[in-house]
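Visitor: Can you keep this structure in mind? I'll have questions shortly.
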Amino acid sequence: MRSNNIRPPWHVLVAFIVPALIIYTVFMVYPLFDSMRLALYQQQADGSQVWVGLENFIRLFNDERTTDFDIRFINALLHTFIFFAIFMLVQNPMGLFLAGLLSIKGLRGAAVYRSILFVPTTMSIVIVGWIWTLMLNPLWGIVSDIVAGVGLESIIPKAGWLGDPNTALPVVTLVGVWQYIGMPMILFLASLIGIDDDLIEAAKVDGATGWDIFWRIKFPLVLPTAGVVAVLTFTANFVAFDNVFVMQGTQAGPSFATDILGTYFYRVTFGGASLLPNTSMGATIATMIFFIILIGVLFYLFILRPRLIRD
Amino acid sequence: MKKVIMVTLLLILALPMSLQAQDVVELTMGSWRTEDIEQWANILEVFHAAHPEIHVNFEPTLNTEYDAQLTNQLAGGVGPDLITCRPFDRALLNYQAGGMANISDLPGLENFSDVALGAWSTDDGAETYCVPMASVIHGFIYNKTLFDELGLEAPTTESEFFAVLDALLEAGETPLGISTKDQWTTATMGFNNLWPNFCNGEETRQAILAGEAKFTDECFIDVLESLAAWAPYLPAGHESIGYADAQQTFPLGLTAIYPSGSWEIPLFNDLADFEMGAFKPYLPDDKDPSECSISDHVDIAIGMNANTEHPEEARIFLEWLTTADFAQVFSDNQPGFFSLSTHPVELSDPLAAEFVSWREDCTETIRMFDQFLSRGEPGGNQLMNENINVMIQGGVTPQEAADNIQAGLDDWYYSED
Amino acid sequence: MTQTKHKIIHTAPPKSLRDRIAGVIPYILLTGYSVVALFPMFLIVINSFKDRKELFRTPYQPPIWFTFEDGFQILNTFSAEGYERVFNQSPVLGYFANSIFITGVSLFFVLLLGTTVAYALNEYNFRGNRVLYVFMVVGVMIPLRLGTVSLIKLVTSLGIYDTHIALILVYIAKGLPVGLFILSEFMRQVPGELKDAARVDGANEYWILFALVIPLIRPALATVLVFQLIPIWNDLWFPLTLAPSEGVRTVTLGVSSFAGQYKQDWSALLAALTLAMLPVTGLYIVFSRQFIRGLTRGALK
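Take a look at the structure:
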């Protein structure tokens, strides 16, 4: 309840608001905007900045020199969309499915299952990434054994899971899915549990089956949550870096097949095995990512969300 | 309330962990040699005995991340006190950016040849910033026990080489232990092993630097074609096997020949339980064996951080690196790294001795792209790594790889001239 | 109303065989996926207790196992050599100290500052109130990573590159938007009469916030804590870019580094991973119920 008539002493306002405001502005707002400003310059060897206007941005789309910034950028952009698509098509439906199972009334041991299924999400991507890299390594052959065990031997790539340009990105993505499935699962579970039991009972009286109940009642009511999950996945995926870094290194091999915007940004800004750092191009890439995310978020806020809630 | 108490307790517990004894000066030493933790512990023991008031902590970083991390740390005014230096351009850039200290006046530098010092000095030779430590020789290490079992001899020419590979393949072995997940491996240990023989060693390198030779010349195309032919002999799934994994597969007996260099000897001695041998990089069939050339690469040195809090102690350590004591203890612990100092050193390891013996038969050069050619964008090493790796994986043809490398360098190096 | 409910339950038809099988399916699926979720960790732990040659040969076999070939035998491939090497060669405890310190201080200030701002913006009506709120909450959607290039320059010019404080300030800035968002919801639920009564009694605003309101929103504080604890502890990007040296390294970065160091040494690598898993997984197992409860509450907002 807001006490509308309260005029607090000025020092209260300052003490309560200013420290947070300062830290937030200096360490969040300023860097984001300053990075965008730096994208308009090219840093020289001695640290000074030379104005180049939109040249850096143009280089991302058409690099006349052999540095191939454009090829790498489009490459990374495409891969990031694939990364996002796999998350949306695999992680979120599965999260919903698992939440659906966990929300079944009278399910015994639901709390235990819930805790177990969330364990991978609590671990650091470093640990998860390394565990899976070892399991995918042809020298150990764990994953290949399992795949062969279910009779799918023909899909095992000769170059190894992480070495074949066609399988490397999906595999790295699926490891991320495996790890983070707990998040949408919990979010969906929360909204499923929140659905009024009366509604479900009434439907049962009307003769609805479990499947009907799911599609006609539960699903529409979790759509808003699905929207939130989608936009959060989007923002996270477009700066994702850890997954690829741990499993493939900053080179994002094989032949940049696992290069996504996050790793591309890191590699250009900090340099790689033989690549010299180029902070100006790095800032440019960051700015592009920012605009992409902004478009996605605005799309969600003004187009997607109103639709989902109305339903 | 309970939470506040718990948090405060944790904070109080965490802080003292950074306090140390005040009378011993702690120095950190950065490096890319994660394989050498135990060896350096032994070497440093000798130093600590001679200088008990200084304690050096060897803290290596993964080799693919080391350079970028170091550059950023130096730019931020921090980083290890003692810095392991890459030769030529990479360290020069760090020095020019102000991250490393000028040690031209360090006593003991007269124990090194101009060639050695040249790798860690400015172009005019006036300022030196690292104490040269060792060079490494490129070659092929092989499983001698296996070769003897199969009645195979170490090859000297290209056709002999591929004949051996075929024989190994037929016997069910994996002939070559090199892998392609880490981009730099086939370039550094394939290309740099072969080009000195296929072309004319140091002469060719100087010609490239002067713009008189090109990477699209015939001898380079021959090298690339020979290299591309290695592909079928690599381990299954080599695109997924990283350098560190490959380093393990050879001494564990899973592969027969390991194209690399003498720097692997310390690790392999540790792990291998069979007899190892080494052979020089092979010559093209029509070449006279007396015209051979090896990559004897000035590889590693140690310098100091310009912003270190303990410059005196760092200099004491660097001075120790110029002594005969160090040269000996280093060579004992790091066979395969050949001390660049002029002090005479006894080599006890047979494999290291084998590598060193090649100096008598062949002329020497260094890795192609380390001097001058990697200073700009796109750097020579980067071009080499990207193109050769893809070539072996079948993505580009040898001609295309050569064209790309030449085009990249034309873009800045040759156009500036 | 309740009577109708009872009626419905009593008239439910008895379960047929088909229903019973259908009833078991969820358990099968959940158990199956639980195996998928836990198997990788299990594999790492059992193999961390073997030496290099053994773990390549028999990855699926626990270090101490048995066989019925040739009569009952115990198969012992146990070896702690990996762990020995890790402890000898890495300052593991130092990394933990850094993580605890950085995460603890960051969380403390996110809670403290988040609370004061949430209170002030929701309690007092003043010009720019709404604008300020939107300004600060917008950060939820924008990843701070994108500002890294500038952040490094900023931190370097302030002289705090490669220090704990740099990370702490960054994590506070990152955590404030989410904290503000969640705490605001709870702030609004605190009855105004309580606060007004206190004011009438002569209490000042500081007392009202700290002694009166905060105890009432404890669940909200727990929620924010849970939402921020794991992201901060597990964060790799900022330690990697702002504080990489060994003295300030966090556990997450430390694991990444020594995983890189031990790439040639699978026994030590697996031992390192197992050790790194212990604290968070252990903490999670002990507090899992509170954890999930906190996340669920936050999710509903």
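Quick note, the sequences are listed as chains A, B and C, same order.
Going by numbering that gives the first Met the number 0, the first sequence opens with residue 0, and the numbers climb by one from there.
Going by numbering that gives the first Met the number 0, the second sequence opens with residue 0, and the numbers climb by one from there.
Going by numbering that gives the first Met the number 0, the third sequence opens with residue 0, and the numbers climb by one from there.
Just so you know, even glycine gets a beta-carbon here, dropped at the ideal spot from N, CA and C.
Remember, it's a predicted structure, so these values are computed and weren't measured experimentally.
Along chain C, in chain order, which residues have C-beta atoms closer than 7 Å to that of Ala225 of chain A?
Guide: Going along chain C, no residue has its Cβ under 7 Å from Ala225 of chain A, so there is no contact; the nearest lies around 13 Å.
Visitor: Just the Cα atoms here: how many angstroms apart are Tyr26 of chain C and Ser98 of chain C?
Guide: If you take the alpha carbons of Tyr26 of chain C and Ser98 of chain C, they lie about 38 Å apart.
Visitor: Can you give the Cα-Cα distance for Ala153 of chain B and Val163 of chain B, rounded to whole angstroms?
Guide: So the alpha carbons of these two residues sit roughly 8 Å apart.
Visitor: How far does the beta strand (DSSP E) with Ile140 of chain B in it extend, from its first residue to its last?
Guide: Counting along the chain, the beta strand (DSSP E) containing Ile140 of chain B begins and ends at Cys129 to Asn142.
Visitor: Kindly indicate the opening and closing residues of the beta strand (DSSP E) around Gly276 of chain B.
Guide: Met275 to Phe278 is the span of the beta strand (DSSP E), which, as asked, contains Gly276 of chain B.
Visitor: How many angstroms separate the CA atom of Asn306 of chain B from the CA atom of Ala212 of chain B?
Guide: Asn306 of chain B and Ala212 of chain B: Cα-Cα distance of roughly 42 Å.
Visitor: Of the residues A:Leu188, A:Ala282 and A:Asn74, which one's Cα is nearest the Cα of Ile329 of chain C?
Guide: Outside the displayed range of chain C (0 to 300) lies residue 329 of chain C, so it cannot be described from this structure.
Visitor: Which whole-angstrom value describes the C-beta separation of Ile136 of chain B and Ser294 of chain B, a residue pair presumed to lie in contact below a C-beta threshold of 8 Å?
Guide: Ile136 of chain B to Ser294 of chain B, Cβ: 7 Å. Contact.
Visitor: Where Thr179 of chain B and Leu223 of chain B are concerned, what is the direct C-alpha to C-alpha distance, given to the nearest angstrom?
Guide: About 15 Å.
Visitor: Helix or strand or just coil, what does DSSP make of Gln48 of chain A?
Guide: DSSP places Gln48 of chain A in strand when its eight states are reduced to three.
Visitor: Could you work out which residues of chain C lie near Pro18 of chain A, taking near to mean beta carbons separated by less than 7 Å?
Guide: Simply Leu112.
Visitor: In chain A, which residues lie with their C-beta within 8 Å of the C-beta of Ile240 of chain B?
Guide: Within chain A, the residues near Ile240 of chain B are Asn136, Pro137, Leu138, Gly159 and Gly162.
Visitor: With H, G and I counted as helix, E and B as strand and the rest as coil, what does DSSP make of Ala20 of chain B?
Guide: Low local confidence applies: a pLDDT of 43 at Ala20 of chain B is under 50, so the model's placement there is unreliable, and no value is given.
Visitor: Could you check the C-alpha separation between Arg107 of chain A and Ala19 of chain A for me, to the nearest Å?
Guide: Roughly 45 Å separates the two Cα atoms.
Visitor: For Ile155 of chain A, which of A:Val171, A:Pro137 and A:Phe56 has the nearest alpha-carbon?
Guide: Cα-wise, what sits closest to Ile155 of chain A is A:Pro137.
Visitor: Using a 10 Å radius around the Cβ and a threshold of 16 neighbouring Cβ atoms, would you call Asp200 of chain C buried or exposed?
Guide: Flag for Asp200 of chain C reads exposed.
Visitor: Just to confirm my understanding: we take Asn62 of chain B, look at its own chain, exclude 5 residues before and 5 after, and list those with CB closer than 6 Å. What are they?
Guide: Cβ within range, chain order: Trp31.
Visitor: What is the DSSP secondary structure of Val177 of chain C, reduced to helix, strand or coil?
Guide: DSSP places Val177 of chain C in helix when its eight states are reduced to three.
Visitor: What separation, rounded to the nearest whole angstrom, lies between the Cα atoms of Asn55 of chain A and Tyr40 of chain A?
Guide: Looking at the two C-alpha atoms, the distance is approximately 8 Å.
Visitor: Give the range of the beta strand (DSSP E) segment to which Cys84 of chain B is assigned.
Guide: Looking at the DSSP string, the run of the beta strand (DSSP E) that includes Cys84 of chain B is Leu81 to Cys84.
Visitor: Against chain B, with Cβ distances strictly below 7 Å, would Glu245 of chain C count as a contact?
Guide: It does: the Cβ of Glu245 of chain C has a partner Cβ on chain B nearer than 7 Å.
Visitor: Using only the alpha-carbon positions, how far apart do Phe46 of chain B and Trp319 of chain B sit?
Guide: C-alpha separation (whole angstroms): 8 Å.
Visitor: Measure from the alpha carbon of Asp22 of chain B to the alpha carbon of each residue in B:Glu312, B:Ala352, B:Ala323 and B:Val328, then state which is nearest.
Guide: With distances taken between Cα atoms, Asp22 of chain B lies closest to B:Glu312.
Visitor: Any contact of the segment 137 to 149 of chain C with the segment 163 to 179 of chain C, i.e. 3+ C-beta pairs under 8 Å?
Guide: With the cut-off at 8 Å, the segment 137 to 149 of chain C and the segment 163 to 179 of chain C touch.
Visitor: Could you check the C-alpha separation between Leu153 of chain C and Pro30 of chain A for me, to the nearest Å?
Guide: Going from the Cα of Leu153 of chain C to the Cα of Pro30 of chain A covers about 8 Å.
Visitor: Once DSSP output is grouped into helix, strand and coil, what is the label at Thr341 of chain B?
Guide: Coil.
Visitor: Quick one: list the residues of chain C neighbouring Ala34 of chain A, beta-carbon separation under 7 Å, in chain order.
Guide: In the sequence as presented, Ala is not what sits at residue 34 of chain A; that position holds Ser. Per Cβ cutoff of 7 Å: Leu145, Gly146, Val148 and Ser149.
Visitor: For the 8 Å Cβ check, are there 3 or more pairs between the segment 243 to 256 of chain B and the segment 265 to 285 of chain B?
Guide: Output reads yes: the segment 265 to 285 of chain B touches the segment 243 to 256 of chain B.
Visitor: Can you grab the Cα-Cα spacing for the pair Pro397 of chain B / Ala277 of chain B, in whole Å?
Guide: Those two C-alpha atoms are separated by around 27 Å.
Visitor: Below 7 Å on C-beta distance, what does Gly394 of chain B contact in chain A?
Guide: Result: Ser254.
Visitor: With DSSP as the reference, please indicate the residues paired to Thr173 of chain B in a beta bridge.
Guide: Answer by DSSP bridge pairing: none, since Thr173 of chain B is not bridged.
Visitor: Report yes if the CB atom of Gly261 of chain A is closer than 7 Å to the CB atom of Phe240 of chain A, and no otherwise.
Guide: Cβ atoms of Gly261 of chain A and Phe240 of chain A: closer than 7 Å.
Visitor: Return the bridge partner residues of Met135 of chain C from the DSSP annotation.
Guide: DSSP, once it has assigned bridges, lists no residue as partnering Met135 of chain C.
Visitor: Is Ile299 of chain B helix, strand or coil by DSSP?
Guide: Ile299 of chain B falls in the strand class under three-state DSSP.
Visitor: Helix, strand or coil for His78 of chain A per DSSP?
Guide: If DSSP states are grouped into helix, strand and coil, His78 of chain A belongs with the helices.
Visitor: Would you be able to state if there are at least three C-beta pairs under 8 Å between the segment 87 to 98 of chain B and the segment 118 to 131 of chain B?
Guide: Cβ pair count under 8 Å is three or more, so yes.
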